[in-house]
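Peer 1: Quick one: structure below, then a few questions.
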Amino acid sequence: MNKKRSFLDMEKIRNLLYEILKSKSIDSVDIRVERPKNPEHGNFSTNLPLLLSKRLKKGPLEIAREIVSSIDILPPFLSKVEVQPPGFINFFLSPRELRNILKEALEKGEDFGKTNIGKSKKALVEFVSANPTGPLTVGHGRQAVLGDSIARILEFHGYNVEREYYYNDAGRQMRILGYSTYVRYRQILGYNELMPEDYYQGEYIFDVAKKIFEEYGDSLKDDKENPVFVEMAERMVFSEIRNTLKRLGVEFDSFYNEKDLYEKGSVNSVIERLKEKGALYEKDGALWFKAGDYGGTGDKVLWKSVVDEATYRLPDIAYHETKIKRGYDLIIDIFGADHHATYPDVLAGLRALGYDTDNIVVLLHQFVTLVEGGRKIKMSTRKATYVTLSELIDELGKDVVRYFFLMRNMNSHLNFDLKLARTEGEENPVYYLQYAHARIASILRNAVLRGMDTEDCTANLDLLNERESLKLMDIIGEFKEIMQLCLKSYEPHHLTTYLQKLATEFHKFYTVHRVLGAEIELSKARLQLVKAVKNVLKSGLGILGITAPEQM
RNA sequence: GCCCCGAUAGCUCAACAGGAUAGAGCAUCUGCCUUCUAAGCAGAGGGUUGCAGGUUCGAGUCCUGCUCGGGGUACCA
137 MNKKRSFLDM EKIRNLLYEI LKSKSIDSVD IRVERPKNPE HGNFSTNLPL
187 LLSKRLKKGP LEIAREIVSS IDILPPFLSK VEVQPPGFIN FFLSPRELRN
237 ILKEALEKGE DFGKTNIGKS KKALVEFVSA NPTGPLTVGH GRQAVLGDSI
287 ARILEFHGYN VEREYYYNDA GRQMRILGYS TYVRYRQILG YNELMPEDYY
337 QGEYIFDVAK KIFEEYGDSL KDDKENPVFV EMAERMVFSE IRNTLKRLGV
387 EFDSFYNEKD LYEKGSVNSV IERLKEKGAL YEKDGALWFK AGDYGGTGDK
437 VLWKSVVDEA TYRLPDIAYH ETKIKRGYDL IIDIFGADHH ATYPDVLAGL
487 RALGYDTDNI VVLLHQFVTL VEGGRKIKMS TRKATYVTLS ELIDELGKDV
537 VRYFFLMRNM NSHLNFDLKL ARTEGEENPV YYLQYAHARI ASILRNAVLR
587 GMDTEDCTAN LDLLNERESL KLMDIIGEFK EIMQLCLKSY EPHHLTTYLQ
637 KLATEFHKFY TVHRVLGAEI ELSKARLQLV KAVKNVLKSG LGILGITAPE
687 QM
């Protein structure tokens with residue numbers, strides 16, 4: 137691999153500035169180089185003079201000029217460096233550098249933009265983790281897609297990633313699920329049975345009951361506590377959940393059951409060790425954990441007195457301990473905003489056990505508010521007032537659903553208007569990206585029909601001089617920065633924004649320049665350019681888990 | 001009461017660590033298909049970035065107070 141070329145131009149500029157500051161004996165400055173919004177301000181710019189102004193007691197413009205004048209020879213990757221008031225320095229990439237970026241993209245193909253940051257590192261991403269009490273809802277969809285794309289981003293950077301789903305099939309929820317099934321079963325048998333209000337009202341319970349009836353006839357009619365009600369419900373619901381996830385393109389490597397933690401004694405062991413460390417005390421017959429002493433939000437009950445069982449925190453601590461023990465370099469938990477008060481206590485528990493929690497990253501995403509024609513729908517699995525993820529995929533398709541969830545940053549509340557989603561189906565921005573990809577695919581097909589070799593690497597890229605071509609190369613190069621940003625921020629939405637920009641620039645290029653009708657050498661060069669665009673689009677869409685169609 | 005997240009164009013959202021003229025899509029209006037896919041392109045209108053202060057060369061971004069929405073604050077998960 138050509139080391140020089142794999143460097144970000146942004147980094148090269150930063151290094152250049154560091155060298156200059158070093159020569160002037162100015163240190164400990166955090167140099168920021170960014171892409172200005174306005175293209176007239178160059179490909180990159182820095183506000184360094186503005187930051188140094190106070191410290192050096194000089195005007196920012198003066199500092200800027202001094203810095204620029206210390207660049208004796210302009211490095212070949214730059215064509216111009218300018219000073220602009222109130223004190224910015226703008227950097228313009230040379231056409232030669234832009235063509236180098238294009239060359240790199242063509243040479244590396246689907247590896248373009250990848251780094252080895254995660255090489256030989258293991259990561260665990262836990263997400264969805266919904267208990268099998270009912271079908272996944274639209275809300276779970278956001279987390280499923282978010283988690284999967286974050287996993288893909290990690291993989292892109294070389295991590296060995298495992299996707300894990302944690303669930304509990306033992307608690308109160310599941311007991312009620314079993315009773316709900318029993319009620320439906322009795323109804324099928326013709327008993328005049330009413331479904332209590334706080335039981336699960338969903339249609340799927342009928343299917344479970346029907347199945348039980350088919351297998352057991354009426355033999356369980358007086359056997360409310362028979363485990364088959366819970367077991368059958370769990371099995372059928374889980375199979376539905378997996379199926380839905382699969383349709384979304386999300387597949388898990390492991391499903392971790394909370395029950396194992398009790399059976400293997402992990403839960404008891406956690407209690408014992410916390411006791412030894414003096415992190416527990418008894419009050420009102422319950423067992424309390426001094427979470428506050430370990431960075432938590434205050435003392436919390438780990439073992440209840442009113443019923444003889446643990447609170448969710450205890451198995452959660454035990455579960456996270458297994459994650460640490462399984463030896464991951466990076467542990468990511470993805471939760472809905474409703475968990476925000478709970479994870480600090482879990483981390484506190486781990487610290488109390490003597491673990492370092494620095495490599496645990498907790499990502500919280502805000503909720504999805506479902507709106508139907510302007511009216512909010514309050515979702516509840518219990519009351520069966522929800523729109524299932526599966527229904528959503530039926531209506532909009534996997535690609536639109538994934539894109540919709542990934543477009544926003546995870547901190548923003550997501551208003552999902554079903555009516556709008558349906559009518560906007562045809563105008564959805566995801567098609568804009570896919571269309572750009574399909575258009576290029578079509579050009580490549582036509583090129584082959586004309587006897588051109590699309591794999592021909594000898595094209596003279598120096599012929600690509602137009603503004604639109606150079607702009608495209610620049611944006612292709614930006615892909616590398618964006619993928620690093622996605623890794624640092626764990627926010628896939630930066631990629632969706634970027635791909636929009638790339639597609640826009642391609643569509644503009646397409647209307648202004650012809651690839652195939654041009655003079656033959658130019659035609660060859662442009663073919664390589666659009667091919668690189670196609671590769672990046674495909675790569676980016678792949679990380680979002682969205683199809684890159686050859687034809688539309 | 002206290003804690004977390006949010007409020008940006010009519011609607012849904014961007015704006016990477018405070019930067020230069022706050023951007024897209026949808027919706028509205030005007031043009032562009034004998035030429036590689038018009039699911040496209042070009043253009044117009046649309047904004048006191050919730051409100052009031054503050055910090056500074058510079059604030060959508062940081063600080064304080066307030067309003068509104070969501071979530072938490074459980075011996076629910």
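Per this note's numbering, residue 137 is the first one in the first sequence, and the count goes up by one each step.
Backbone N, C-alpha and C fix where the C-beta goes; we use that ideal spot for every residue, glycine too.
Note that the coordinates shown come from a computational prediction; the quantities given were computed from them, not determined experimentally.
1. In chain order, what residues of the same chain have a beta carbon less than 8 angstroms from the beta carbon of GLN687, not counting five sequence neighbours either side?
2. When burial is assigned at 16 or more other CB atoms within 10 Å of the CB, is GLU692 buried or exposed?
3. Within 10 Å of its beta-carbon, does ASN226 have 16 or more other beta-carbons around it, so buried, or fewer, so exposed?
4. Going by DSSP, name the residue or residues bridged to GLY472.
5. Near ARG235, what residues of its chain come up, given a Cβ to Cβ distance below 6 angstroms and the 5 sequence neighbours on each side ignored?
6. Just list the residues that DSSP pairs PHE425 with in beta bridges.
7. Skipping 5 residues on each side, what residues in its chain have a beta carbon closer than 8 angstroms to that of GLU370?
8. Only counting the same chain, and skipping five residues up and downstream in sequence, which positions put a Cβ closer than 6 angstroms to that of GLY676?
9. Alpha carbons only, please: which of ALA266, LYS158, GLU262 and ILE348 is nearest the one belonging to VAL297?
10. Could you give the DSSP three-state label for LYS257: helix, strand or coil?
11. Taking 7 angstroms as the limit between beta carbons, can you name the residues of its chain near VAL219, skipping five residues before and five after?
12. Which of the three DSSP states is assigned to SER625 in this structure?
13. Look up LEU313 in the DSSP assignment and say whether it is helix, strand or coil.
14. Pop quiz: LEU506 and GLY277 are said to be a contact at Cβ under 8 angstroms. What is the actual Cβ separation, rounded to whole angstroms?
15. So does the stretch 318–328 actually touch the stretch 280–288, counting three or more Cβ pairs closer than 8 angstroms?
16. Classify TYR417 as buried or exposed, calling it buried when 16 or more other Cβ atoms lie within 10 Å of its own Cβ.
17. For TYR392, report the span of its beta strand (DSSP E) as first-last.
18. So ASN551 is in the beta strand (DSSP E); what residue range does that whole segment cover?
19. Are the Cβ atoms of ASP435 and ALA427 separated by less than 8 angstroms?
20. From the DSSP secondary-structure annotation, give me the bridge partner or partners of SER181.
21. Would you give the residue range spanned by the alpha helix (DSSP H) that GLU376 belongs to?
22. Label LYS140 either buried or exposed according to how many other C-beta atoms from any shown protein chain fall within 10 Å of its C-beta, with 16 as the threshold for buried.
23. Pull the bridge partners of ARG662 from the DSSP assignment, please.
24. In terms of residues, what are the limits of the beta strand (DSSP E) holding GLU218?
25. I'd like the ranges of any alpha helix (DSSP H) spanning at least 4 consecutive residues and lying wholly in the stretch 439–469.
26. Taking the Cβ atom as the reference point for each residue, do LYS346 and ILE324 lie within a distance shorter than 8 angstroms?
27. What did DSSP end up calling GLU262 once you bin it into helix, strand or coil?
28. May I ask you to list the residues that DSSP assigns as paired with TYR301?
29. Hey, LEU489 and GLU457 are a contact pair by Cβ (cut 8 angstroms); roughly how many whole angstroms apart?
30. By alpha-carbon positions, which one of LYS160, ILE162 and GLU170 ends up nearest to ARG150?
31. Give the range of the alpha helix (DSSP H) segment to which GLU155 is assigned.
32. Tell me whether the beta-carbon of PHE642 lies closer than 8 angstroms to the beta-carbon of ALA595.
33. Sort out for me which residues DSSP pairs VAL274 with in a bridge.
34. Beta-carbon separation of LEU384 and ILE618 under 8 angstroms?
35. Going by other Cβ atoms of all chains shown within 10 Å of its Cβ, with 16 needed for buried, is TYR327 buried or exposed?
36. Do you know offhand how far LEU188's Cα is from LEU144's?
Peer 2: Quick look at the numbers:
1. Excluding the 5 residues flanking it on each side, GLN687 has same chain C-beta neighbours closer than 8 angstroms at ALA574, ALA577 and SER578, in chain order.
2. Residue 692 is absent from the structure shown; the chain starts at 137 and stops at 688.
3. Classification for ASN226: buried.
4. For GLY472, which the question treats as bridged, DSSP gives the partners HIS501.
5. So the list reads LEU597, once near-sequence residues are dropped.
6. Its beta-bridge partners are LEU416 and LYS436.
7. Once the five neighbours on either side are set aside, the close Cβ partners of GLU370 are PRO268, ASP305, MET310 and LEU313.
8. These residues qualify, in order along the chain: LEU631 and LEU635.
9. Its Cα nearest to that of VAL297, the residue GLU262 stands out among ALA266, LYS158, GLU262 and ILE348.
10. Note: LYS257 maps to coil in three-state DSSP.
11. Correct list, in chain order: LEU197, ALA200, ARG201, VAL204 and ILE225.
12. Helix, per DSSP.
13. Looking at LEU313 - three-state DSSP - the assignment turns out to be helix.
14. Contact between LEU506 and GLY277 does not hold, since their C-beta atoms are separated by about 11 angstroms, which reaches or exceeds 8 angstroms.
15. Three or more Cβ pairs closer than 8 angstroms define a contact, and the stretch 318–328 falls short of that threshold against the stretch 280–288.
16. Per the 10 Å Cβ criterion, exposed.
17. Per DSSP, TYR392 belongs to the beta strand (DSSP E) from 390–393.
18. ASN551 -> beta strand (DSSP E) spans 550–553.
19. Yes, the Cβ-Cβ distance between ASP435 and ALA427 is below 8 angstroms.
20. Answer by DSSP bridge pairing, in chain order: GLU170 and ASN226.
21. It spans 364–383 - the alpha helix (DSSP H) in which GLU376 sits, taken as one unbroken run.
22. Its pLDDT being 42, under 50, LYS140 is placed unreliably by the model, and the measurement read from it follows with that caveat. By the neighbour-count criterion, in which 16 or more other beta carbons inside 10 Å mark a residue as buried, LYS140 falls on the exposed side.
23. For ARG662, which the question treats as bridged, DSSP gives no partner whatsoever.
24. Counting along the chain, the beta strand (DSSP E) containing GLU218 begins and ends at 214–220.
25. Those alpha helix (DSSP H) runs which fall completely within the stretch 439–469 and span 4+ residues are 449–461.
26. Yes.
27. Judged by DSSP in its simplified three-state form, GLU262 adopts strand.
28. Assignment of beta-bridge partners to TYR301 by DSSP yields PHE391.
29. In this structure LEU489 touches GLU457 by the C-beta definition: roughly 7 angstroms separates them, less than 8 angstroms.
30. Of the candidates LYS160, ILE162 and GLU170, the residue whose Cα lies closest to the Cα of ARG150 is GLU170.
31. Element bounds for GLU155: 145–159.
32. In this structure, the beta-carbon distance from PHE642 to ALA595 does not fall below 8 angstroms.
33. Bridge pairing for VAL274: absent [DSSP].
34. Contact flag unset, no.
35. With fewer than 16 other beta carbons inside 10 angstroms of its own, TYR327 counts as exposed.
36. Going from the Cα of LEU188 to the Cα of LEU144 covers about 24 angstroms.
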